[in-house]
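Take a look at the structure set out below.
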Amino acid sequence: MPRRPADHTRGRAAVLASLTVTALVATGHPAGAAPAEADPMNQAFEQAAEKYGVPRDLLAAVGYGETHLDGHAGRPSQDNGFGVMHLVSNPVNHSLEKAAELTGESTADLRKDTEANILGGAAVLRNHADALGLDPAERADIDAWYPAVARYSGTEGAVAALYADTVYTFLAQGLRATVAGGEQVTVTSRPVSPEKGPLAKADITAKSEDYPSALWVAANSANFATGRTATVDKVVIHVTQGSYAGTISWFQNATSKVSSHYVVRSSDGQITQMVRDKDTAYHAKSANASSLGIEHEGFIDDPSWFTDPMYRSSAALTAYLCDRYGIPKDRSHIIGHSEAPGNDHTDPGANWNWTYYMQLVGSGTGSGADGLSFGSYATQKSGSTGTQVKAAQTLLNKQGYDAGTEDGIFGTRTESAVRAFQTARGLDSDGAVGPRTWTALLSAGTTPTLTTGASGDPVKRLQRALTAALGRTVTVDGAFGANTDKAVRDYQSARGLSADGSVGPDTWKALQAGL
Ligand SMILES: [Zn+2]
């Protein structure tokens, strides 16, 4: 499919150009952001944030979670949502019509015009905040918007919480997106502590019975058939044309008449199962009876969704299913939706890397080198080169600080990104990545409570940060065992924290402040 034209919003952008400099200063964007005329989407976020009193970074993070800030030239998503902010018109979510009512813009403009769409998204968010009774002080506090963001998902309970958690994860980790016309939209990482209210207890806790590392959320019974009429002999690869939480919500909706067995998240490869393997999901017409369907979060025309964590996680799932059901691990049996007979869909599309995927399926999983884990972290400064400079550049770029090309060469752009990060975290702004800056950079992100027995990426993040903070190797294996427990207690006693071996809000706060 053709990409949307880059000059789509230029008419309005010119009018707004004079406001850019003020807006960038006001929101503290790092130096080196793109110049005014090339910045229509940043303009639109600033304007909409100001008009509706929604935090700019929140608005951008919601849009990023929905669409990676790609409006797809007004084409609908799987659940009939439109534009960068994914304003939806379907039987259970009418945020498009609501946005028209609140802004006075036509639904046609809201679908196709990025500036109008972002304005509409801000209006809908503000409307939810008002309905929830947020006062001006609360509206100025990004953490207080959590329930409003949950409502923006158009669903309720655990899936709404999953949606809002994703947005706050992007706020905690920061983001940098290259959007139409090459413009950069950034949100710098920050410590977050969302006020979840009743949704605090809404996390998805059910586990898949077929694939132990997946979560379980049942699809609506109208969207699949119980049992099978054929032997399972293939896996069908899909791309959702929508977000992870949006897709899960859509499969729960009785009117959608679609489902798949599994849905995989782009950012980290999290998997939710929605239909049991023994049952027939509605995902590939005539191939339904004999196949298992895996949906991948994203849009086929935007390669930014096809991340390494998603490929690895999905390939491990496919390998497991092939082993379990005796399906050969080849391209005759692991097929794209577009390759299933009698289908008119084009997913997973040209951006899906089949060669890499099949290699991962064949070789089993394996985490591979992540480029961020070292036995010790040396101070990196102007003129330094090598893999640790590259790691610092990767961390800075991911967190919304423009460190330039990740080339392992510590130049002026990397130095100014380090200084901006240090200033934001209250660290001495010396432009060098020493133990404190390493600790803050490596620990940035979400702050789940971790104790002995915990596992996964947050544990790896903790282990890297402790390695930098303590100046000794804490093995990065993603498993919180005795060695990690000892390191946590040592860190806590050295920093005057309660040495209980539990990494809760206070310990994360200290690590993220580079203490
Ligand atoms: Zn498909």
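FYI, in mature numbering (1 follows the signal peptide of the UniProt record, and there is no 0) the residues of the sequence shown are -33 to -1, 1 to 482. Backbone N, C-alpha and C define an ideal beta-carbon position, used for all residues, glycine too. Predicted model only: the values in this text are computed from it and were never measured.
1. Please return the same chain residues whose Cβ sits closer than 8 Å to the Cβ of F191, not counting the five positions on each side in sequence.
2. Between the stretch 181 to 197 and the stretch 388 to 398, can you find at least three pairs of beta-carbon atoms closer than 8 Å?
3. In three-state DSSP terms, what is G335?
4. Since W183 sits in a beta bridge, which residues does DSSP pair it with?
5. For A368, does the three-state DSSP call read helix, strand or coil?
6. Taking only heavy atoms of ligand 1 into account, decide whether any of them is closer than 7 Å to the Cβ of D314.
7. V400 and T434 - do their beta-carbons sit closer together than 8 Å?
8. Could you name each continuous alpha helix (DSSP H) segment of 4 residues or more that falls completely within the stretch 204 to 259, going from the start of the chain to the end?
9. DSSP has E262 in a bridge; who is on the other side?
10. Which residue or residues does DSSP assign as beta-bridge partners of F341?
11. Between the alpha carbons of I302 and R380, how many angstroms are there, rounded?
12. Mind checking whether A407 and Q479 have CB atoms under 8 Å apart?
13. With a threshold of 16 other CB atoms inside 10 Å of the CB of Q326, please say whether the residue is buried or exposed.
14. Quick one: is the Cβ of H250 within less than 7 Å of any heavy atom of ligand 1?
15. So, helix, strand or coil for R42, using DSSP?
16. What distance in whole Å lies between the Cβ atoms of V55 and S62, which are believed to be in contact at a cut-off of 8 Å?
17. Can you determine whether any heavy atom of ligand 1 sits closer than 7 Å to the C-beta of H205, and answer yes or no?
18. Looking at C-alpha atoms only, which residue of V116, T322, V126, P7 is the closest neighbour of residue 485?
19. Which value, in whole angstroms, describes the spacing of the CA atoms of P165 and R298?
20. When the Cα atoms are used, what is the spatial distance from Q430 to H95?
21. Rounded to whole angstroms, what is the Cα-Cα separation between Y211 and T442?
22. For K348, which three-state DSSP category applies?
23. When the distance is taken between beta carbons, is H263 closer than 8 Å to T207?
24. I'd like the list of long-range same chain contacts for A384, defined as Cβ closer than 6 Å, with 5 residues on each side in sequence excluded.
25. By the 10 Å Cβ neighbour count, where 16 or more other Cβ atoms means buried, how is A275 classified, buried or exposed?
26. Rounding to the nearest angstrom, what Cα-Cα distance links G71 and T155 in this structure?
27. On the CB-based measure, 16 or more other CB atoms within 10 Å of its CB, does D311 come out buried or exposed?
28. Can you have a look at A104 and say buried or exposed, based on whether 16 or more other CB atoms are within 10 angstroms of its CB?
29. Using C-beta distances below 7 Å, list every residue in its chain close to L482, excluding the 5 sequence neighbours before and after it, in chain order.
30. Can you have a look at E162 and say buried or exposed, based on whether 16 or more other CB atoms are within 10 angstroms of its CB?
31. Could you please give me the residues that DSSP links to R143 through a beta bridge?
32. Which class does G375 belong to by DSSP, given the choice of helix, strand or coil?
33. Quick one: what does DSSP say I302 is sitting in, helix, strand or coil?
34. Roughly how many whole angstroms lie between the Cα atoms of N187 and V356?
35. From this set, S330, E68, A358, G350, which residue's C-alpha is nearest F341's C-alpha?
36. Suppose the cutoff is 6 Å on Cβ atoms and the five residues either side in sequence are ignored; what does the same chain contact list for P(-4) look like?
This is what the structure gives:
1. Residue 191 sits at position 224 when you count from the first residue of the sequence shown. So the qualifying residues of the chain are S226, V242, D246, T247, A248, Y249.
2. no
3. Position 368 of the sequence shown holds residue 335. With a pLDDT of 46 at G335, under the threshold of 50, the modelled position of this residue cannot be trusted, and the question is left open.
4. The residue given as residue 183 occupies position 216 in the sequence shown. W183 is bridged to Q240.
5. Taking the first residue of the sequence shown as position 1, residue 368 is located at position 401. Rather than Ala, the amino acid found at residue 368 in this sequence is Tyr. Note: Y368 maps to coil in three-state DSSP.
6. Your numbering for residue 314 matches position 347 in the sequence shown. D314: yes, Cβ under 7 Å from ligand 1.
7. Residue numbering aside, residue 434 sits at position 467 when the sequence shown is read from its first letter. Residue numbering aside, residue 400 sits at position 433 when the sequence shown is read from its first letter. Their beta carbons are not under 8 Å apart, which means T434 does not touch V400 by this criterion.
8. 211 to 218
9. Indexing the sequence shown from 1 puts residue 262 at position 295. According to DSSP, which records beta bridges pairwise, E262 is partnered with H205, V230.
10. Within the sequence shown, the letter at position 374 stands for residue 341. DSSP, once it has assigned bridges, lists no residue as partnering F341.
11. Residue 302 sits at position 335 when you count from the first residue of the sequence shown. Residue 380 sits at position 413 when you count from the first residue of the sequence shown. Their Cα atoms are separated by approximately 44 Å.
12. Numbered from 1 along the sequence shown, position 440 holds the residue referred to as residue 407. Numbered from 1 along the sequence shown, position 512 holds the residue referred to as residue 479. Taking C-beta atoms as the reference points, A407 and Q479 count as a pair closer than 8 Å.
13. The residue given as residue 326 occupies position 359 in the sequence shown. So Q326 counts as exposed.
14. As a working mapping, residue 250 is identified with position 283 in the sequence shown. At least one heavy atom of ligand 1 is nearer than 7 Å to the Cβ of H250, so yes.
15. Residue mapping note: residue 42 aligns to position 75 of the sequence shown, counting from 1. The answer is coil: DSSP assigns R42 none of H, G, I, E or B.
16. The sequence position of residue 62 within the sequence shown is 95, counting from 1. The sequence position of residue 55 within the sequence shown is 88, counting from 1. Their Cβ separation, rounded to whole angstroms, is 5 Å, which keeps S62 and V55 in contact under 8 Å.
17. Here residue 205 refers to the residue found at position 238 of the sequence shown. Yes; taking the cut-off as 7 Å, the Cβ of H205 has a heavy atom of ligand 1 nearer than that.
18. The structure shown does not extend to residue 485, since the chain spans only -33 to 482, so no value can be given for it.
19. The residue given as residue 165 occupies position 198 in the sequence shown. The residue given as residue 298 occupies position 331 in the sequence shown. Rounded to whole angstroms, P165 to R298 spans 46 Å at the Cα level.
20. Position 463 of the sequence shown, counted from the start, is the residue given in the question as residue 430. Position 128 of the sequence shown, counted from the start, is the residue given in the question as residue 95. Distance between the alpha carbons of Q430 and H95: 39 Å.
21. Reading the sequence shown from its first residue, position 244 is the one you call residue 211. Reading the sequence shown from its first residue, position 475 is the one you call residue 442. Put simply, the backbone Cα of Y211 is about 32 Å away from that of T442.
22. Working through the sequence shown from its first residue, we reach residue 348 at position 381. Here K348 sits in coil by DSSP.
23. Taking the sequence shown and counting its residues from 1, one reaches residue 207 at position 240. Taking the sequence shown and counting its residues from 1, one reaches residue 263 at position 296. Against a cut-off of 8 Å, the Cβ pair of H263 and T207 comes out as a contact.
24. What you label residue 384 is simply residue 417 of the sequence shown in a count that begins at 1. Around A384: L363, Y368, D369, A370.
25. The residue given as residue 275 occupies position 308 in the sequence shown. The residue asked about is misnamed: residue 275 is Asp in this sequence, not Ala. Looking at its Cβ environment, which holds fewer than 16 other Cβ atoms inside 10 Å, D275 is exposed.
26. Along the sequence shown, read from residue 1 onward, the residue named residue 71 stands at position 104. Along the sequence shown, read from residue 1 onward, the residue named residue 155 stands at position 188. Answer to the nearest angstrom: the Cα atoms are 32 Å apart.
27. By 1-based counting over the sequence shown, the position of residue 311 is 344. The residue in question, D311, is exposed, as its Cβ has fewer than 16 Cβ neighbours within 10 Å.
28. The sequence position of residue 104 within the sequence shown is 137, counting from 1. Flag for A104 reads exposed.
29. As a working note, residue 482 is residue 515 in the sequence shown. So the list reads R462, once near-sequence residues are dropped.
30. As a working note, residue 162 is residue 195 in the sequence shown. Exposed is the call here.
31. Here residue 143 refers to the residue found at position 176 of the sequence shown. Paired residue(s): T153.
32. The residue labelled residue 375 in the question sits at position 408 within the sequence shown. The three-state reading of DSSP puts G375 in coil, since its state is none of H, G, I, E or B.
33. The sequence position of residue 302 within the sequence shown is 335, counting from 1. DSSP places I302 in strand when its eight states are reduced to three.
34. On the sequence shown, residue 187 is found 220 positions in, with the first residue counted as 1. On the sequence shown, residue 356 is found 389 positions in, with the first residue counted as 1. If you take the alpha carbons of N187 and V356, they lie about 49 Å apart.
35. For the purposes of this step, residue 341 is identified with residue 374 of the sequence shown, where counting begins at 1. Nearest C-alpha to F341 among S330, E68, A358, G350: A358.
36. Counting from 1 along the sequence shown, the entry for residue -4 is found at position 30. Per-residue confidence for P(-4) stands at a pLDDT of 45, beneath the threshold of 50, marking its modelled position as unreliable; no derived number is given.
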